[in-house]
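Step one of this worksheet: look at the structure below.
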Amino acid sequence: MRTIHRIKIALEGLQTNKSRSLLTILGIVIGISSIILIVSIGRGAQQLIIDQIQGLGSKTIVVIPGREPSGPADAAQIFSDSLKERDLELLRTKANVPTIAEIMPLLFGGESASYLGETYRLSVFGGSELISDIFDLYPAEGVFFTEEDIRSRADVAVIGAKVKEELFGDSDPIGEKIKIKGRNFRVIGVLPRKGQVSFFNFDETAIVPYTTAQQYIFGIKYFHRFIIKAESEEAIPRTVRDIELLLRNSHGITDPSKDDFFVETQADLASRLGVITDVLTLFLVAVAAISLVVGGIGIMNIMLVSVTERTKEIGLRKSIGATDKDILLQFLFEATMLTTAGGITGILVGALLSFAVSIALGQFVGLDWTFTFPISAAVIGLSVSAGVGLIFGLYPARKAALKSPIEALRYE
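Residue numbers (our numbering): 129 to 540.
Right under this line is the structure:
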């Protein structure tokens with residue numbers, strides 16, 4: 129019997145019970161669409177993270193206090209106070225690290241700001257005048273604070289677009305004073321709507337001189353980060369090495385495993401987060417794949433029922449010359465066609481859901497989310513669904529093929 133005839137017979141068998149066939153492939157559709165959705169969202173999240181990291185620029189280096197986390201036990205290290213004023217002065221000395229082009233200390237934390245009875249929860253950033261260049265932030269109204277403001281610990285602030293909207297509405301905030309931590313800060317600038325830049329939402333921030341933030345807002349004598357810009361991308365490895373050697377010497381550390389700080393480049397961070405999102409995506413895909421197994425068992429059960437219902441048909445076909453191989457292949461074709469149809473439907477449903485999620489995240493959450501269709505996941509999903517049909521259809525097909533034609537014709 130030719131393959132085209134087997135396909136035709138298999139289609140006729142499936143069309144006999146359309147509703148049962150549709151319900152049978154439901155598990156496959158759910159499994160494949162879940163895999164497509166998860167992989168698509170995972171890749172979109174990975175691209176969003178990479179875009180946010182690259183918002184700092186490829187020449188940016190970040191020095192972070194505390195030992196580099198290697199597990200949950202190191203979570204407390206993020207509260208380390210190892211980066212001090214002395215370290216800042218050493219790094220600013222050109223002779224110590226010649227390839228540093230710019231360095232800015234950074235402090236950050238959540239506080240409430242108020243103005244004429246209006247209160248808004250925002251993020252306070254303590255930085256220097258270099259924050260404009262490093263984060264590509266330039267006021268749409270007013271000006272940024274100066275080096276003199278930093279030296280004098282001036283009570284001045286540059287606020288984000290969302291902060292202006294919440295506290296001032298349509299009125300002009302320049303020259304007005306907002307209260308943060310019981311202290312009045314004069315608004316000297318308003319940032320344009322910027323959104324997320326390397327995990328920071330500058331629309332919801334108030335940026336003040338780091339000396340002011342240290343003394344009057346956070347009350348600390350250390351820094352949360354050093355943001356450093358190297359002279360060139362080629363100079364990054366040398367800059368990182370010089371920073372590590374300088375800080376170890378400053379902190380009296382001889383064993384690198386005892387470092388109370390760590391240095392991250394944008395490439396390091398992108399690679400690390402990429403691995404995390406890949407592992408998480410694979411885990412979720414493995415969970416979603418369970419439904420494929422469940423769907424495969426459902427197909428096997430339905431095919432067994434089909435074999436029982438069509439016992440006389442099997443006997444009749446054998447009596448007019450159909451071989452065991454013909455019967456085996458017919459039922460295998462039916463099972464494979466069911467799962468393949470489920471796989472194709474699942475791919476289409478998964479793609480539509482992924483596209484809908486990307487639009488929703490862009491419009492309602494405000495994320496710059498990119499829709500990506502995972503072609504590799506679609507190919508693998510289609511192959512797996514066909515394989516599920518072969519594996520779980522083999523037992524019912526073999527059972528049908530081994531039936532005796534005489535007993536099958538006598539079956540009631």
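Beta carbons are placed, not taken as given, at the ideal position from N, Cα and C, and that holds for glycine.
{"Check": "Judging by CA-CA distance, which residue of P365, L460, F499 and I335 is the nearest neighbour of L522?", "Outcome": "L460"}
{"Check": "Determine, using beta-carbon pairs with one atom in the segment 271-286 and one in the segment 226-233, whether at least three such pairs fall under 8 Å.", "Outcome": "no"}
{"Check": "Relative to the alpha-carbon of G237, which residue among T464, D261 and R353 has its alpha-carbon at the smallest distance?", "Outcome": "R353"}
{"Check": "CA-CA distance, L457 and I163?", "Outcome": "29 Å"}
{"Check": "Using the beta-carbon count (16 or more within 10 Å), is V516 buried or exposed?", "Outcome": "buried"}
{"Check": "What does DSSP give as the partner residue(s) for P337 in the beta ladder?", "Outcome": "G255"}
{"Check": "Could you tell me if A341 is buried or exposed, where buried requires 16 or more neighbouring beta carbons within 10 angstroms of its beta carbon?", "Outcome": "buried"}
{"Check": "Which value, in whole angstroms, describes the spacing of the CA atoms of L481 and V315?", "Outcome": "45 Å"}
{"Check": "Pop quiz: I302 and G270 are said to be a contact at Cβ under 8 Å. What is the actual Cβ separation, rounded to whole angstroms?", "Outcome": "5 Å"}
{"Check": "Going by Cα to Cα distance, which pick from K290, E213, K305 and L374 is closest to T333?", "Outcome": "K290"}
{"Check": "On the three-state DSSP scale, how would you describe R220?", "Outcome": "helix"}
{"Check": "Look at the alpha carbon of S511 and the alpha carbon of I153, and state the distance between them as a whole number of angstroms.", "Outcome": "15 Å"}
{"Check": "Could you name the residues that DSSP lists as bridge partners for Y248?", "Outcome": "A241"}
{"Check": "Return the first residue and the last residue of the alpha helix (DSSP H) that V118 is part of.", "Outcome": "In the structure displayed, the chain extends from 129 to 540; residue 118 sits before or after that span and is not available."}
{"Check": "Taking the alpha-carbon of S161 as reference, which of L518, K527 and I503 has the nearest alpha-carbon?", "Outcome": "I503"}
{"Check": "If contacts are defined as beta-carbon pairs under 8 Å, then L265 and K322 qualify, I think. What distance do you get, rounded to the angstrom?", "Outcome": "7 Å"}
{"Check": "Do you know how far the Cα of V167 is from the Cα of K527?", "Outcome": "38 Å"}
{"Check": "Identify the continuous beta strand (DSSP E) that holds L306 and give its terminal residues.", "Outcome": "The sequence as given places Ile at residue 306; Leu does not occur at that position. K305 to I308 is the span of the beta strand (DSSP E), which, as asked, contains I306."}
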